[in-house]
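Asker:
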Amino acid sequence: MQQKGAIQIIEWEDLDKRKFYSLGVFMTLTTRVTVYPASLIRTRLQVQKGKAVYLGTFDAFCKILRMEGVRGLYRGFMINTFTLVSGQAYITTYELVRKYVSHYSPSNTVKSVVAGGAASLVAQTITVPIDVVSQHLMMQGQGEHHSRFKVKPKMMLTTSKRKPTFGQSREITVQIFAADGFRGFYRGYVASLLTYIPNSALWWPFYHFYAEKLSLMAPSGCPHLILQAVAGPMAAATASTITNPMDVVRARVQVEGRTSVIETFKQLLAEEGIWVMTKGLSARIISSMPTSVLIVVGYETLKRLSLRAELIETRHW
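Taking my numbering, the leading residue of the sequence shown gets 194, the next gets one more, and so forth.
#1: Relative to the C-alpha of L233, which residue among P438, L407, V326 is closest?
#2: Measuring only the C-alpha atoms, how far is P230 from T223?
#3: Please report how far the alpha carbon of F342 lies from the alpha carbon of R291, in whole angstroms.
#4: Once the 5 residues before and after A384 are set aside, which same chain residues still bring their CB inside 7 angstroms of it?
#5: Might you give, ordered along the chain, the residues of its own chain that have their beta carbon closer than 8 angstroms to the beta carbon of A533, omitting 5 neighbours on each side?
#6: Distance, Cα to Cα, V228 vs A476?
#7: Please name the residue or residues paired with L500 in a DSSP beta bridge.
#8: Classify M332: buried if its beta carbon has 16 or more other beta carbons within 10 angstroms, exposed otherwise.
#9: Assuming L208 and R451 make a contact with CB atoms under 8 angstroms, what is their CB distance in whole Å?
#10: Judging by CA-CA distance, which residue of Q201, G269, V367, E204 is the nearest neighbour of H329?
#11: Taking 8 angstroms as the threshold (C-beta atoms), are I203 and R497 in contact?
#12: Excluding the 5 residues flanking S295 on each side, which residues of the same chain have their C-beta closer than 7 angstroms to its C-beta?
#13: Does DSSP put A422 in a helix, a strand or coil?
#14: Compare the beta carbon distance of T366 and T320 with 8 angstroms and say whether it is the shorter of the two.
#15: Along the alpha helix (DSSP H) that carries L387, what are the first and last residues, could you check?
#16: Does the structure place the stretch 455-471 close enough to the stretch 408-423 that three or more beta carbon pairs sit under 8 angstroms?
#17: Pick from M410, P412, A404: whose alpha carbon is nearest that of L420?
#18: Does L238 come out as helix, strand or coil in the three-state DSSP assignment?
#19: K292 lies in the alpha helix (DSSP H); which residues open and close that run?
#20: Does the Cβ-Cβ distance between L409 and V423 come in under 8 angstroms?
#21: Enumerate in chain order the residues of its own chain whose CB-to-CB distance from L289 is below 7 angstroms, with the five nearest sequence positions on each side excluded.
#22: With distances taken from CA atoms, which of G217, T236, K459, W397 is nearest V448?
#23: By the DSSP assignment, the alpha helix (DSSP H) with C415 in it spans what residues?
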C-alpha cells in the first residue's frame with residue numbers, strides 16, 4: 194500500500210482476487226443501472242440535428258418519460274449488460290498495468306495515466322460491438338429517425354406488452370451484419386478509442402490529484418472515503434469536458450453509419466458550428482459524476498472488502 198498525500202492506495206498484490214471479482218460484478222451492474230438513462234439521453238442529444246426533438250437534457254428526460262415511460266429510458270439496456278465483461282477486463286487491466294509500470298516509475302501520476310489508457314483500450318475492444326447495437330436501440334424512441342436500422346413494428350409490439358425478450362437486440366444485430374458485415378459492429382471503434390482512452394487516462398490522475406488536494410484542506414480525521422467520493426466527480430467533470438467533442442463525433446459515426454472521423458468532425462462544424470462540440474455535455478457530466486461517486490465509493494470499498502485476510506489487522510483507515 195502506498196501513500197498519495199494522506200490517501201492510501203490499495204494495490205493489486207494486497208487483494209483477495211476471488212472476493213474482488215465476485216463483488217466487482219455486483220458493483221458494475223449497480224452502476225450501469227443507475228446511470229443508463231443519462232447515457233441514453235446523451236446519445237439522443239448528440240445524434241439529433243440541432244434541437245429538432247429535444248431542447249436539452251431536462252427536456253429530453255421529460256419527453257422520453259412522458260411518451261415512452263420509464264422503459265423508454267432503458268432502451269437497449271439488456272444487451273448493454275454484456276458490458277459487465279468489459280468492466281471486469283477494465284479493472285483487471287488497470288491494476289495489472291499499474292503494478293507493471295511501478296517497476297519503472299514510482300510516480301502515481303505516470304502509473305495512473307498509462308494504466309487508465311491501457312484499461313480503456315482493452316475495455317473498448319470488448320464494448321464497442323455492444324455499444325453499436327445498444328445505441329441503435331436507444332434511437333428507436335418517439336420522434337427519433339436518425340438510426341440506420343429500425344425495429345419492426347411486431348418487435349415494438351412485443352416490447353409494449355412487456356414480454357421479456359432479446360428480440361429487438363437480435364433484430365438490430367441481424368440488420369447490422371446484413372448491411373455491413375462483421376466490420377459494422379466495430380463502426381466508430383477509432384472514434385471510441387480517441388474518446389475513451391484520453392478520458393480514462395485523464396480521469397485517474399485527476400482523481401488522485403483532487404483527492405490529494407482535498408486531503409490537505411480537509412479537517413483532521415475526515416474519512417478518506419468522503420474525500421475520494423468528492424474527488425471522483427471533480428475528475429469526471431474535468432475529463433468529460435476535455436473529451437466531449439470526440440464523444441459527439443463517436444456517437445454520430447456509430448449511429449449514422451459514417452466511416453470517417455475527420456469528415457464527420459468537419460461536417461458537424463459546418464452544419465451546426467463550434468457549439469456542436471458541447472452537445473450532450475451536461476448529460477454526460479450528469480451521468481459521469483454519479484458514476485464516479487459510485488465507482489469511487491464502490492471501488493474503494495470493494496478493494497477494502499477484498500483485502501487479503503492477513504493484511505486486515507494492519508490497515509487503519
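Idealized CB from N, CA, C, for every residue including glycine.
Answerer: Let me lay it out:
#1: In the sequence shown, counting from the first residue as 1, residue 233 sits at position 40. Checked all of P438, L407, V326; the closest Cα to L233 is V326.
#2: Here residue 230 refers to the residue found at position 37 of the sequence shown. Here residue 223 refers to the residue found at position 30 of the sequence shown. Distance between the alpha carbons of P230 and T223: 13 angstroms.
#3: By 1-based counting over the sequence shown, the position of residue 342 is 149. By 1-based counting over the sequence shown, the position of residue 291 is 98. Between F342 and R291, the C-alpha separation is close to 41 angstroms.
#4: Sequence index remark: in the sequence shown, residue 384 carries index 191 (1-based). Hits under 7 angstroms: M439, V442, R443, V446, V454.
#5: The displayed coordinates of the chain run from 194 to 510. Any statement about residue 533 would go beyond what the structure contains.
#6: Position 35 of the sequence shown holds residue 228. Position 283 of the sequence shown holds residue 476. So the alpha carbons of these two residues sit roughly 10 angstroms apart.
#7: As a position in the sequence shown, residue 500 is number 307, starting the count at 1. Its beta-bridge partners are L208.
#8: Residue mapping note: residue 332 aligns to position 139 of the sequence shown, counting from 1. Around the Cβ of M332, a 10 Å sphere holds 16 or more other Cβ atoms; the residue is buried.
#9: Taking the first residue of the sequence shown as position 1, residue 208 is located at position 15. Taking the first residue of the sequence shown as position 1, residue 451 is located at position 258. That belief does not hold up - the Cβ atoms of L208 and R451 are roughly 42 angstroms apart, past 8 angstroms.
#10: Position 136 of the sequence shown, counted from the start, is the residue given in the question as residue 329. With distances taken between Cα atoms, H329 lies closest to G269.
#11: Locating residue 497 in the sequence shown gives position 304, where the first residue counts as 1. Locating residue 203 in the sequence shown gives position 10, where the first residue counts as 1. For R497 and I203, yes; Cβs fall inside 8 angstroms.
#12: For this step, residue 295 is matched to residue 102 along the sequence shown. Taken in chain order, the residues that qualify are K304.
#13: To locate residue 422, count along the sequence shown from 1; it is residue 229. Three-state DSSP puts A422 in a helix.
#14: Working through the sequence shown from its first residue, we reach residue 366 at position 173. Working through the sequence shown from its first residue, we reach residue 320 at position 127. No, the Cβ-Cβ distance between T366 and T320 is not below 8 angstroms.
#15: Here residue 387 refers to the residue found at position 194 when the sequence shown is read from its first residue. For L387, the enclosing alpha helix (DSSP H) begins and ends at 382-410.
#16: The stretch 408-423 vs the stretch 455-471: no contact.
#17: Here the question's residue 420 lines up with position 227 in the sequence shown. Here the closest residue by C-alpha is A404.
#18: For this step, residue 238 is matched to residue 45 along the sequence shown. In the structure shown, L238 sits in a helix (DSSP, three-state: H, G or I).
#19: Start at 1 with the first residue of the sequence shown, and residue 292 comes out as number 99. Where K292 is concerned, the enclosing alpha helix (DSSP H) stretches over 277-294.
#20: Here residue 409 corresponds to residue number 216 of the sequence shown, with the count starting at 1. Here residue 423 corresponds to residue number 230 of the sequence shown, with the count starting at 1. No.
#21: Counting from 1 along the sequence shown, the entry for residue 289 is found at position 96. Here the set comprises W205.
#22: Within the sequence shown, residue 448 is the residue found at index 255, counting from 1. With distances taken between Cα atoms, V448 lies closest to T236.
#23: To locate residue 415, count along the sequence shown from 1; it is residue 222. Neither: C415 is in no alpha helix (DSSP H) and is coded neither H nor E.
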